[in-house]
Amino acid sequence: MPELPEVETIRRDLQRLLPGKVIEDVKLLFPGFVKYPDPGEFVRLCRGKAVLQTGRRGKYLFLHLSEGFLLAVHLRMTGRLLYYPKQEPPALHTRGVFSFAGGGELHFHDVRKFGTMWLVEPGALDRIGGLKALGPEPLREGFSPAFLHECCRKTTRPIKSLLLSQEAAAGIGNIYADEALFKAGLNPRRRANSLTREEAEKLRDAIREVLREGISARGTSRRDYLDAGGRSGSYQDRLKVYGRKGQECPLCRCPVQRVVIAGRSTHFCPACQAVKGE
DNA sequence: CGGACAACCTGGTTGC
DNA sequence: TGCAACCAGGTTGTCC
3 MPELPEVETI RRDLQRLLPG KVIEDVKLLF PGFVKYPDPG EFVRLCRGKA
53 VLQTGRRGKY LFLHLSEGFL LAVHLRMTGR LLYYPKQEPP ALHTRGVFSF
103 AGGGELHFHD VRKFGTMWLV EPGALDRIGG LKALGPEPLR EGFSPAFLHE
153 CCRKTTRPIK SLLLSQEAAA GIGNIYADEA LFKAGLNPRR RANSLTREEA
203 EKLRDAIREV LREGISARGT SRRDYLDAGG RSGSYQDRLK VYGRKGQECP
253 LCRCPVQRVV IAGRSTHFCP ACQAVKGE
């Protein structure tokens, strides 16, 4: 569920709450979410570690712990990280509870059980599945128009598919991909290698804009997403095309269409995002 | 290379 | 009301 803006919102919440706290215990209600090391070792290694700092890479959330350990979290579709200042009985779909010395709990809640965590030492980042293949952070300098254009030039796949692959930029998901393509006026089926330099630049700017707007709105809450305080975001009220099949395009009032690309539902305005090129 | 599809899971919505 | 079908913000693996 959560894409870059949602993960970043949670990270900022946790950055205010966790640094300085020491993990006293971890209860695994569904140990399957622990990918590395084995669940027993995971719990043993977490105990007594302090949270020093939070971080994020694409949709991966990091808690930097003492002794050089890194706790990496991927929330996938329905994962939530919920902080409670006092003891809280676990909800139905709570999969793990981190309790801190002196009070406070972090609950990992995940209806669909897709979410995953890893606990690794520095230099063992390759233990974290998928992390290595990530493209640049879209809100940092490395995500230049030239870089995006080069990524596009190398593949014939639809531009929507490229955006979802995480290779061109880390952290874009289904919602922000559709919103960025709308903002850039590009048809989601456009072959990536048919984008001109100007179009790639426009898309790069659009990606950065929608992600920044998403963060400002504290994320998009459609069904499952909540921040670390259990609050909804508000970007769902600002979506132009995503989830708006049959409703009017805000620019031209043409009905928004829904199609399936790369197995994912895709929303666009057939007029504002008419197919150009090939 | 990349597309199509299934898998991993559970729950909510839609339509008959 | 019941029930089946379809849908869901993500990633990985298999087959062709």
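Number 280 marks the last residue of the first sequence (this note's numbering); no jumps. Ideal placement from N, C-alpha and C gives every residue a C-beta, glycine not left out.
Close Cβ partners of residue i (< 8 Å) along its chain, the five nearest in sequence each way excluded
i, result
"Y227", "M3, P4, E8, R82, G221, S234, G235"
"P160", "P190, R191, R192, R193, A194, I263, A264"
"R266", "K162, L166, N176"
"L284", "Here the chain comprises residues numbered 3 to 280, so residue 284 is not present and cannot be evaluated."
"A202", "P147, L150, H151, C154"
One or two residues paired with residue i in a DSSP bridge
i, result
"Y227", "Answer by DSSP bridge pairing: none, since Y227 is not bridged."
"I263", "R266"
"T118", "H76"
"E90", "Beta-bridge pairing links E90 to no other residue."
"V99", "K29, H109"
"R82", "H111"
"V24", "A52"
Neighbourhood of residue i by C-beta, 7 Å cutoff - its chain only, sequence neighbours within 5 removed
i, result
"R246", "V258, H269"
"I217", "P7, E10, T11"
"E280", "Reliability of the predicted coordinates at E280 is poor, the pLDDT of 49 falling under 50, and the value obtained from them is presented with this limitation in mind. Correct list, in chain order: R193, S196."
"V261", "T268"
"E69", "K51"
"L54", "P21, H66, L67, S68"
"L213", "L6, P7, P140, L141, Y178"
"G248", "P257, V258"
Three-state secondary structure (DSSP) of residue i
i, result
"Y38", "strand"
"G70", "helix"
"H151", "helix"
"L141", "coil"
"P257", "strand"
"F32", "coil"
"T158", "coil"
"Y55", "In the sequence as presented, Tyr is not what sits at residue 55; that position holds Gln. Of the three classes helix, strand and coil, the one that applies to Q55 here is strand, per DSSP."
"E280", "Low local confidence applies: a pLDDT of 49 at E280 is under 50, so the model's placement there is unreliable, and no value is given."
"Y62", "strand"
"E169", "coil"
"E123", "coil"
"V243", "coil"
"E181", "helix"
"E250", "strand"
"Q275", "coil"
"E5", "coil"
"L136", "coil"
Whole-number beta carbon distance between residue j and residue i, since they are thought to touch under 8 Å
i, j, result
"N195", "A276", "About 19 Å separates the two Cβ atoms, so there is no contact after all."
"A264", "L166", "6 Å"
"A74", "V122", "7 Å"
"A148", "A182", "Their Cβ separation, rounded to whole angstroms, is 18 Å, which puts A148 and A182 out of contact at 8 Å."
"T56", "R114", "About 24 Å separates the two Cβ atoms, so there is no contact after all."
"L77", "H109", "In fact, because the Cβ distance is near 13 Å, the residues do not count as touching under 8 Å."
"K242", "F184", "5 Å"
"G144", "P138", "4 Å"
6 Å Cβ shell around residue i - same chain, five flanking residues per side excluded
i, result
"K204", "A186"
"P87", "G106"
For the segment 186-240, list the alpha helix (DSSP H) runs that are entirely contained and at least 4 residues long, ordered along the chain.
199-218
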